[in-house]
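Chemist: Here you go, one structure.
Residue numbers (the numbering used here), protein chains in the order written: chain A, 2 to 349; chain B, 2 to 349.
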């Protein structure tokens, strides 16, 4: 049984999307139960349309919902302890839920998650990991925007946490990890990236295989299972790639509706197009995973629909089911135990 | 008459591609003359196949060619004064050519261009500007890898130079300029980007319209004419987008050849696909422009074919024809004259 707490009010469309998404996810994972945090007046009528979900969930009426444009500090001040967002995270802290999922605003969600769950021992900064569709399947890219300008040790932590997530998500025993870098050698300013490479290599972790540097186009190729970078670059790379995918989809649509012949061709090839659309469906890889906190929080795209929100719940389910937090904690324990030999002479 | 000097030996395929590319470019621009720098024994037989090009060009036999994998510092030591790369750049310095084009290795080309041409007055660091296909047409993105970690003043310089390039390339009177940033507010580490925003706003340049911050997905949307960022992020965003475009093209090819119906559909829609392919053809937007040096140097993709190299020559032609260097120099002069009032009391 996996217990999932939901911030029902989060996202551009609130409970209309999140409740319908939860119902979809429940169909796929009958062993899930939900704890729903929402504003009762808004949620009750929608929830009535999903009797199965209602049966498998507990609803908590909350005082307020965090706005999508609210600044993180303001959201934290106003929404701590009482908002649907806070309480869904708190359920994880209290051990009532295995994972929390929200489509609410990223900054506020990260601020609350950090404040409520705290970072794990030895982890200075949490990261947001994205699941990136590649030619080979999927890869994990982190950090995509939790923090900016990670130093070498923080990049090392990202490599370790990303590796643990890859083991939880892909069932790979020793996932490959690459550090995102630019190709030109002898360029000043990559000191942190180079130093991180040394740290990862020297750490010689049994849980990952360090591949070395990768470039921007290696992400889509699926060269490695885990791509590590700091949050500014990661966020921009992710959004630039999303933009390119949307751009190509639109050009394809325009091309296919331009002439009668193209329209006929489209009809013949429709099932191929449908397959392609499904393969590139951004909803299917929805769900940023907050790594480095004492508990799992999944961030869904705010603008997604029920299918996309269900995908974010799927990610949360996989992470909880495969013991992500425990995997990271274990990897961190081993790494730091080796790094700092015990001071106690008895233990030597 | 535009005079273009070519590093004939640069690129993965050397003179086979560069000479054929020059011949193609000449067909489009009959007012061009070329100065070719190559190794005679290799180039002569190829050049004989292109009599028109031969008639419109002068060939200089050089001592050596820079390797594609040579480190910039090594290339500079070995190839200064004598290599095809150096001499093609030197022709610009000596006023014999209006623009130099090379498909040689980026690091070596930038090192030589800096050493030979020197940066313009008031410009600390050169930038490489890429032309990025968007839903609205094309935008300029800089820096895509010349330097790493630009400070606020350098980002300001990039905005000014990118604006001048947009005026040269798009014929826009007052191009829009955006600073690449991440969406989440209150994240530490964007001080340089925020400060750059203040500098650009306060500079109140008559030559650009400052739009404010843009995010990664705004690039492909064509939200602004010029996107400014530092080189590490710019390089990774560019390559991540290229990777995504290639990935989607491959998935589309696979989908269209999977079933008989899809193949039939493809035949009907072939002209639509051809249009799409042409629109997304990466060769058409080949050519990174080195900005901030006393002369124009164009970097072509090393792996491109003749069509792609011709496109890089086209970019060089446009830049020279529209007086890019003069536009940048003029904009810099006006900006710095306003910033630092003349010390000479006579001038006041």
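All C-beta atoms, glycine included, are put in the ideal place defined by N, C-alpha and C.
Give me the Cα-Cα distance between residue 338 of chain B and residue 177 of chain B, rounded to the nearest whole angstrom.
Modeler: Indexing the second chain from 1 puts residue 338 of chain B at position 337. Indexing the second chain from 1 puts residue 177 of chain B at position 176. If you take the alpha carbons of residue 338 of chain B and residue 177 of chain B, they lie about 23 Å apart.
Chemist: Can you tell me which of B:208, B:335 and B:327 puts its alpha carbon nearest to the alpha carbon of residue 100 of chain B?
Modeler: As a first step, residue 100 of chain B is located in the second chain; it is residue number 99 there, counting from the start. B:327 is the residue among B:208, B:335 and B:327 whose C-alpha sits nearest the C-alpha of residue 100 of chain B.
Chemist: Just to confirm, are residue 262 of chain A and residue 263 of chain B a CB contact at a threshold of 8 Å?
Modeler: Working through the first chain from its first residue, we reach residue 262 of chain A at position 261. Working through the second chain from its first residue, we reach residue 263 of chain B at position 262. No, the Cβ-Cβ distance between residue 262 of chain A and residue 263 of chain B is not below 8 Å.
Chemist: Since residue 191 of chain B meets chain A, which of its residues come closer than 8 Å, beta carbon to beta carbon?
Modeler: Mapped onto the second chain, residue 191 of chain B falls at position 190. Correct list: 149 and 233.
Chemist: Once DSSP output is grouped into helix, strand and coil, what is the label at residue 139 of chain A?
Modeler: If you number the first chain from 1, residue 139 of chain A lands on position 138. DSSP places residue 139 of chain A within a strand segment (E or B) once states are collapsed to three.
Chemist: Strictly under 8 Å for the Cβ-Cβ distance: is residue 1 of chain A near chain B by that measure?
Modeler: Chain A is shown only over 2 to 349; residue 1 of chain A falls outside these bounds and no answer can be derived.
Chemist: So what does DSSP say about residue 2 of chain A, is it helix, strand or coil?
Modeler: Your numbering for residue 2 of chain A matches position 1 in the first chain. Reduced to three states, the DSSP call for residue 2 of chain A is coil.
Chemist: In angstroms with no decimal places, state the Cα-to-Cα distance between residue 24 of chain A and residue 17 of chain A.
Modeler: Working through the first chain from its first residue, we reach residue 24 of chain A at position 23. Working through the first chain from its first residue, we reach residue 17 of chain A at position 16. Computed Cα separation, rounded: 11 Å.
Chemist: Nearest to residue 324 of chain A by CA position, among A:113, A:224 and A:166, is which residue?
Modeler: Sequence index remark: in the first chain, residue 324 of chain A carries index 323 (1-based). Comparing Cα positions, the closest option is A:166.
Chemist: Check for me: the beta strand (DSSP E) holding residue 291 of chain A runs from which residue to which?
Modeler: Position 290 of the first chain, counted from the start, is the residue given in the question as residue 291 of chain A. First-last of the beta strand (DSSP E) with residue 291 of chain A: 289-292.
Chemist: By the 8 Å beta-carbon criterion, what residues does the region 212-239 of chain B contribute toward chain A?
Modeler: Hits within the stretch, in order: 216, 217, 218, 219, 220, 221, 222, 230, 232, 233, 234, 236, 237, 238 and 239.
Chemist: Counting Cβ pairs closer than 8 Å, one from the region 78-89 of chain B and one from the region 106-118 of chain B, do we hit at least three?
Modeler: Contact holds between the region 78-89 of chain B and the region 106-118 of chain B, because three or more Cβ pairs, one in each stretch, are under 8 Å apart.
Chemist: Could you name the residues of the same chain whose beta carbon sits closer than 7 Å to that of residue 254 of chain A, not counting the 5 residues immediately before and after it, in chain order?
Modeler: Position 253 of the first chain, counted from the start, is the residue given in the question as residue 254 of chain A. So the list is empty, once near-sequence residues are dropped.
Chemist: Alpha carbon to alpha carbon, how far is residue 233 of chain A from residue 150 of chain A? Give it in angstroms, no decimals.
Modeler: Taking the first residue of the first chain as position 1, residue 150 of chain A is located at position 149. Taking the first residue of the first chain as position 1, residue 233 of chain A is located at position 232. Cα to Cα, residue 150 of chain A sits roughly 7 Å from residue 233 of chain A.
Chemist: Beta carbon of residue 1 of chain B, beta carbon of residue 20 of chain B: below 8 Å?
Modeler: Past the edges of chain B, shown from 2 to 349, lies residue 1 of chain B, and the structure says nothing about it.
Chemist: Comparing alpha-carbon positions, which option in A:266, A:260 and A:251 lies nearest residue 257 of chain B?
Modeler: As a position in the second chain, residue 257 of chain B is number 256, starting the count at 1. It is A:266.
Chemist: Return no unless some Cβ of chain A is closer than 8 Å to the Cβ of residue 1 of chain B.
Modeler: What the structure shows of chain B is the stretch from 2 to 349, and residue 1 of chain B is not part of that stretch, so it cannot be assessed.
Chemist: Alpha carbon to alpha carbon, what distance is there between residue 45 of chain B and residue 6 of chain B?
Modeler: Indexing the second chain from 1 puts residue 6 of chain B at position 5. Indexing the second chain from 1 puts residue 45 of chain B at position 44. Going from the Cα of residue 6 of chain B to the Cα of residue 45 of chain B covers about 17 Å.
Chemist: Which residues share a DSSP beta bridge with residue 37 of chain A?
Modeler: The residue labelled residue 37 of chain A in the question sits at position 36 within the first chain. According to DSSP, residue 37 of chain A bridges with A:7 and A:60.
Chemist: For residue 218 of chain A versus residue 240 of chain B, is the C-beta distance shorter than 8 Å?
Modeler: Reading the first chain from its first residue, position 217 is the one you call residue 218 of chain A. Reading the second chain from its first residue, position 239 is the one you call residue 240 of chain B. Yes, the Cβ-Cβ distance between residue 218 of chain A and residue 240 of chain B is below 8 Å.
Chemist: Please state whether DSSP places residue 65 of chain A in a helix, a strand or coil.
Modeler: Position 64 of the first chain, counting from 1, holds the residue named residue 65 of chain A. Residue state, collapsed to three classes: strand.
Chemist: Between residue 248 of chain A and chain B, is any beta-carbon pair separated by less than 8 Å?
Modeler: For this step, residue 248 of chain A is matched to residue 247 along the first chain. It does: the Cβ of residue 248 of chain A has a partner Cβ on chain B nearer than 8 Å.
Chemist: By the three-class DSSP mapping on this structure, what secondary structure does residue 194 of chain B have?
Modeler: Counted from its first residue, the second chain places residue 194 of chain B at position 193. Three-state DSSP puts residue 194 of chain B in a helix.
Chemist: Output yes if chain C places a C-beta closer than 8 Å to the C-beta of residue 274 of chain B; else output no.
Modeler: Going by chain labels, chain C is absent from the structure shown, which instead holds the protein chains A and B.
Chemist: Restricting to Cα atoms, I'd like to know which of B:90, B:203 and B:96 is closest to residue 39 of chain B.
Modeler: One-based indexing of the second chain puts residue 39 of chain B at position 38. Ranking B:90, B:203 and B:96 by Cα distance to residue 39 of chain B puts B:90 first.
Chemist: Got a sec: is the Cβ-Cβ distance from residue 183 of chain A to anything in chain B below 8 Å?
Modeler: Taking the first chain and counting its residues from 1, one reaches residue 183 of chain A at position 182. Answer yes: the Cβ-Cβ gap between residue 183 of chain A and chain B drops below 8 Å somewhere.
Chemist: According to DSSP, is residue 127 of chain A helix, strand or coil?
Modeler: Along the first chain, one-based indexing puts residue 127 of chain A at 126. Look at residue 127 of chain A here: in three-state DSSP terms it is coil, with no helix or strand label.
Chemist: Can you confirm whether residue 8 of chain B, when its beta carbon is compared against all beta carbons of chain A, has any partner nearer than 8 Å?
Modeler: To locate residue 8 of chain B, count along the second chain from 1; it is residue 7. Residue 8 of chain B does not count as touching chain A.
Chemist: Output, in chain order, the set of chain B residues within a Cβ distance shorter than 8 Å of residue 257 of chain A.
Modeler: The residue given as residue 257 of chain A occupies position 256 in the first chain. Residues of chain B passing the Cβ test: 270 and 273.
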